[in-house]
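Everything below concerns the one structure shown next.
2 protein chains.
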Amino acid sequence: MRGTKRRPMSIYIRLRPQWPDEPIVQNLTDTDFYKFTMGQFIFNNFRDVLVKFGFKNRTASVPLARIIPESRLREELDHVRTLRFTNTELHYLRGTNEYQDRMFQEPYLKFLERLRLSNYNLEYRGDNIDLSFGGPWCESSPWEIHGLGIIAELYAREMAKKHSAFGKDVIYAEGKRRLWAKIQLLKENPQVKFSEFGTRRRFSRDWQDYVVAALAEELPATQFRGTSNVFLAQKYGLLPMGTNAHELQMVIAGLMDDDDESLRNSQNQMLDLWWKQYGEALAIFLPDTYGSASFLKIVTEEMLRTWKGPRQDSGDIYAEGERWIRKYKRLGIDPMTKMQIPSDGLIVPVMIKAEEYFRNRFPTSFGWGTDATNDLGFSPLSLVIKAISANGKGLVKLSNNPAKAIGSPEGVKRYMRVFGYSRHRTVACKY
Amino acid sequence: MRGTKRRPMSIYIRLRPQWPDEPIVQNLTDTDFYKFTMGQFIFNNFRDVLVKFGFKNRTASVPLARIIPESRLREELDHVRTLRFTNTELHYLRGTNEYQDRMFQEPYLKFLERLRLSNYNLEYRGDNIDLSFGGPWCESSPWEIHGLGIIAELYAREMAKKHSAFGKDVIYAEGKRRLWAKIQLLKENPQVKFSEFGTRRRFSRDWQDYVVAALAEELPATQFRGTSNVFLAQKYGLLPMGTNAHELQMVIAGLMDDDDESLRNSQNQMLDLWWKQYGEALAIFLPDTYGSASFLKIVTEEMLRTWKGPRQDSGDIYAEGERWIRKYKRLGIDPMTKMQIPSDGLIVPVMIKAEEYFRNRFPTSFGWGTDATNDLGFSPLSLVIKAISANGKGLVKLSNNPAKAIGSPEGVKRYMRVFGYSRHRTVACKY
């Protein structure tokens, strides 16, 4: 038998588009909802503050600068700066009334209409990518999500390049199989309620889209509550989810850190302003910025009574929940009238276990992130883009996990002292 | 928070087409190559014999008639009868020279140009589908593969109907993952050589296409030798694989079974005629029709010297190989100058083990079927369409596995006696 010459193959049942030759970010709404709730708050209260955001790859073993070509990164970043909000997107935001009637007001929407993202500073240094975004807070803040999405997806594309067309398809096949198994587990546990929070560390835009579509098809709205991604909430008619992030507390602390008393007070001031903006609708605490223990000493009883409850973004999920249950009970508040939103590196079995643990004690709704949108057989990177300075002053974050601390050593030390930070266990960051 | 009304989802990264609303058989070349090598042989030698083929579902636990709607089955069968060979397909067959220059001659090609498949008889009886195809042998024989492909895919589509769009996609994702794992195993064992023989029991036409495309992309032609599917061989520039099937020996036995001697002689007569048609090019024995042990008693020493070797389609893979090695050695023939083609329900680990077992003793090339084209998490059915009568006389097959025997009890008993059939172990049919 003679051999035959092979023609190039084409896979018939295939991903489409597999890795399209298209920009990664295509819509300014392809970001977390909290960027808009915070955006309006910043626009109304801190319009003139200059805030710098810095990129950090916490997965030190991966020399990102050797993997992602600088020119590709610049291309994607430049492309985001050419984007503008479309009329349809502004209509969607204007029409958002799930939390409050017309929660986004005309001045902020007018601002969005003209918004152009701040410039970026990019330098490749050895293994590391030095990337920061500085400008008026409202113009630098959106970079958090777009920057992370770009770097995560460029990394995924570079990893995928090593594979054949079939191999690339199998990456998604493996992702689908894993997603399927998780959804089966969730179906068996309908009492576990969650939202999808995985935009920032998604494998790719297309993959997050697929995941959200599958969750919406398979699970009832009583279980899959919504997505933090505004573009996908709009696309699939889901509830857009989100309130606020560490950057608010960090920047406001930075602006008020002239003396210790003022620094300590900054946190309640921020909470007061937030309440003034959105009232109960978005009254979710993010207590871990300077440690949840100190937060519970600072926050007023009145706030604890009126706000809905905490988002738990670091620390031991059980210990943090217990901390809040104890506090509420000491004040005669029934924790069952409150809620908590754990959102730190969750996987489905942990959500199931934690729901059972807190059942009939403290209502729990989960923010499910990286494990939802970046679990296809590759290890996801632990990437962050965080506020690092405000009007030139360095910022500090402590969190319940010292491994997640941000800031100069002196700054971290001072904040620890001022906020009475102690007894938090260091845990390796999974994501 | 108010709930939002969900719009219907659309999966973005998706199979296309998932289960297209298209006929299952779209080309008369979407069949095994041996249908043409046998077809020409039949056309030249047995043109006027009337042969009936009957369908049998060996997976008795599955009540096929309750699952596949009769109207759908009729629709698909009727569609095949409307198909004609295209000019391109006839060009491809005319140009086939991998085994012999212009192996398909003009009279046969002219016949194909006018070929219209014989009619079918279909009756639903309780759980069972009664389906047969009778007519001139050349016109009924092609139904074997088309009929099996239609029933297997209609079954798969009905199974898939229970699943959501995401669920359907995950079926293929699981298939891709399994295929990937098998291909990795094959890459680690490049000495294992095989062809794809899975048309008759494929999950779907699209899936077989995907599998063959992936095999061709991932493995060198020295390992993945070709496919039995003519359409896919043409599409991907692969070697079309196949020689002959049991129907030849069964029909010719049936035509010559007036007395025992003549019945016994029928087998060598068929081999002589086959050699006259194709010479060494397609000189592969199919010894198990009436048991390999009796075959080796009947076949002449001359044939054993000139023919390439056996396709082993039933019985224990090691014992059958040993049987041939012993026979060759007894005749002073070096088995290393011959070859065997095991093709009975193979899975990759068995191919690896058998290759190692026979290495440097008996060259082995595998025919990999159902495990290649129908392993996506559902149990494939064991379906066959076999010749059951010739010019009105019932036909018999014994095989090396009594579970695969075909024919009336008296016929089977007589054939066992005539061919000295004995000592074969009954094994449940996996496929």
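From first to last, the protein sequence lines are chains A and B. For the first sequence, the working numbering assigns the number 1304 to the initial residue and increments by one for each residue that follows. For the second sequence, the working numbering assigns the number 1304 to the initial residue and increments by one for each residue that follows. Where a beta carbon is used, it is the ideal one built from N, C-alpha and C, also for glycine.
Query raised in the report: Using a beta-carbon distance cut-off of less than 9 Å, what residues from the region 1463 to 1478 of chain A approach chain B?
Result: 1467, 1468, 1469, 1470, 1472, 1473, 1475, 1476, 1477 and 1478
Query raised in the report: Is the region 1323 to 1343 of chain A touching the region 1393 to 1412 of chain A, taking contact as three or more C-beta pairs under 8 Å?
Result: In the pairwise beta carbon analysis, the region 1323 to 1343 of chain A is classified as touching the region 1393 to 1412 of chain A: at least three pairs are separated by under 8 Å.
Report task. Please indicate yes or no: does the CB of residue 1552 (chain B) lie closer than 6 Å to some heavy atom of the ligand NAP? Result -> As presented, the structure is devoid of all ligands, the ligand NAP included, so that no description of it is given.
Query - Alpha-carbon spacing of residue 1606 (chain A) relative to residue 1654 (chain A), whole angstroms - result: Computed Cα separation, rounded: 27 Å.
Query - Own chain, CB closer than 6 Å to residue 1320 (chain B), minus 5 neighbours either side, in chain order - result: With a pLDDT of 40 at residue 1320 (chain B), under the threshold of 50, the modelled position of this residue cannot be trusted, and the question is left open.
Query - Contact list for residue 1520 (chain B) against chain A, beta-carbon separation under 7 Å - result: 1312, 1467, 1468 and 1469
Query raised in the report: Identify the residues that DSSP records as bridge partners of residue 1428 (chain A): which are they?
Result: A:1431
Query raised in the report: If you count every other CB in all the chains shown that lies within 10 Å of the CB of residue 1484 (chain A), and 16 or more means buried, which is it?
Result: exposed
Query raised in the report: Taking buried to mean at least 16 other C-beta atoms within 10 Å of its own C-beta, is residue 1508 (chain A) buried or exposed?
Result: buried
Query raised in the report: Using the beta-carbon of each residue, which ones in chain B are nearer than 8 Å to residue 1505 (chain A)?
Result: Result: empty, since nearest Cβ-Cβ is about 13 Å, beyond 8 Å.
Query raised in the report: For the candidate residues A:1685, A:1495 and A:1678, whose alpha-carbon lies nearest to that of residue 1744 (chain A)?
Result: Because chain A in this structure spans residues 1304 to 1734, residue 1744 (chain A) falls outside the shown range and cannot be described.
Report task. Figure out for me which residue from B:1681, B:1724, B:1714 and B:1713 has the closest Cα to the Cα of residue 1456 (chain B). Result -> B:1681
Query - Closer than 7 Å at the beta carbon, the chain A residues around residue 1483 (chain B) - result: 1473
Query raised in the report: Between the region 1642 to 1649 of chain B and the region 1605 to 1625 of chain B, do three or more beta carbon pairs fall short of 8 Å?
Result: yes
Query raised in the report: Can you find a CB in chain B that lies within less than 7 Å of the CB of residue 1480 (chain A)?
Result: yes
Requested in this report: Pull up the distance between the alpha-carbon of residue 1749 (chain A) and that of residue 1445 (chain A), whole angstroms please.
Outcome: Nothing about residue 1749 (chain A) can be reported from this structure: the residues present for chain A run from 1304 to 1734 only.
Query - Stretch pair the region 1425 to 1433 of chain A + the region 1353 to 1371 of chain A: three plus CB contacts closer than 8 Å - result: yes
Query raised in the report: What are the start and end residues of each continuous beta strand (DSSP E) run of 3 or more residues lying completely inside the region 1591 to 1660 of chain B, in chain order?
Result: 1612 to 1615
Requested in this report: Using the DSSP secondary-structure output, state which residues sit across from residue 1439 (chain A) in a beta bridge.
Outcome: A:1353
Requested in this report: Go ahead and label residue 1313 (chain A) buried or exposed: buried means 16 or more other beta carbons lie within 10 angstroms of its beta carbon, across all protein chains shown.
Outcome: Annotation note: pLDDT 33 at residue 1313 (chain A) (below 50); position unreliable, coordinate value reported separately. With fewer than 16 other beta carbons inside 10 angstroms of its own, residue 1313 (chain A) counts as exposed.
Query raised in the report: According to DSSP, is residue 1496 (chain A) helix, strand or coil?
Result: DSSP places residue 1496 (chain A) outside both helix and strand once states are collapsed to three, so it counts as coil.
Query raised in the report: Are the C-beta atoms of residue 1455 (chain B) and some chain A residue less than 7 Å apart?
Result: Not closer than 7 Å to any Cβ of chain A, the Cβ of residue 1455 (chain B) fails to qualify, so no.
Query - For residue 1693 (chain B) and residue 1541 (chain B), believed in contact at Cβ under 8 Å, the rounded distance - result: 33 Å between Cβ atoms; not a contact.
Query raised in the report: Taking the DSSP output, what are the residues bridged to residue 1543 (chain B)?
Result: B:1530
Query raised in the report: Does the Cβ of residue 1329 (chain B) have 16 or more other Cβ atoms within 10 Å, making it buried, or fewer, making it exposed?
Result: If you draw a 10 Å sphere on the C-beta of residue 1329 (chain B), you find fewer than 16 other C-beta atoms in it, and that means exposed.
Requested in this report: Could you name the residues of the same chain whose beta carbon sits closer than 6 Å to that of residue 1440 (chain A), not counting the 5 residues immediately before and after it, in chain order?
Outcome: 1345, 1349, 1352 and 1354
Report task. Counting only the same chain and skipping the five closest in sequence on each side, list residues whose C-beta sits under 6 Å from that of residue 1533 (chain B). Result -> 1332, 1336 and 1543
Query raised in the report: Looking at the structure shown, is residue 1473 (chain B) part of a helix, part of a strand, or coil, going by DSSP?
Result: helix
Requested in this report: Indicate whether at least one CB of chain A lies closer than 7 Å to the CB of residue 1517 (chain B).
Outcome: Yes, residue 1517 (chain B) lies at the interface with chain A (some Cβ there is under 7 Å from its Cβ).
Query raised in the report: What separation, rounded to the nearest whole angstrom, lies between the Cα atoms of residue 1474 (chain A) and residue 1505 (chain B)?
Result: 23 Å
Query - Alpha-carbon spacing of residue 1660 (chain A) relative to residue 1493 (chain A), whole angstroms - result: 15 Å
Report task. Give a yes or no on whether the minimum CB-CB distance between residue 1592 (chain B) and chain C is below 7 Å. Result -> Considering every chain present, this structure includes no chain C. Its protein chains are A and B.
Requested in this report: Compare the C-alpha of residue 1709 (chain B) against each of B:1503, B:1367, B:1591 and B:1412 and name the closest.
Outcome: Selected option, being the one with the closest Cα: B:1591.
**Report entry** Assigned secondary structure, residue 1459 (chain A) (DSSP; H/G/I helix, E/B strand, else coil)
**Finding:** DSSP, reduced to helix, strand and coil, places residue 1459 (chain A) within a helical segment of the structure shown.
**Report entry** Helix, strand or coil at residue 1344 (chain A) [DSSP, three-state]
**Finding:** helix
Query raised in the report: Excluding the five sequence neighbours on either side, which residues of its own chain have a C-beta within less than 7 Å of the C-beta of residue 1426 (chain A), listed in chain order?
Result: 1433
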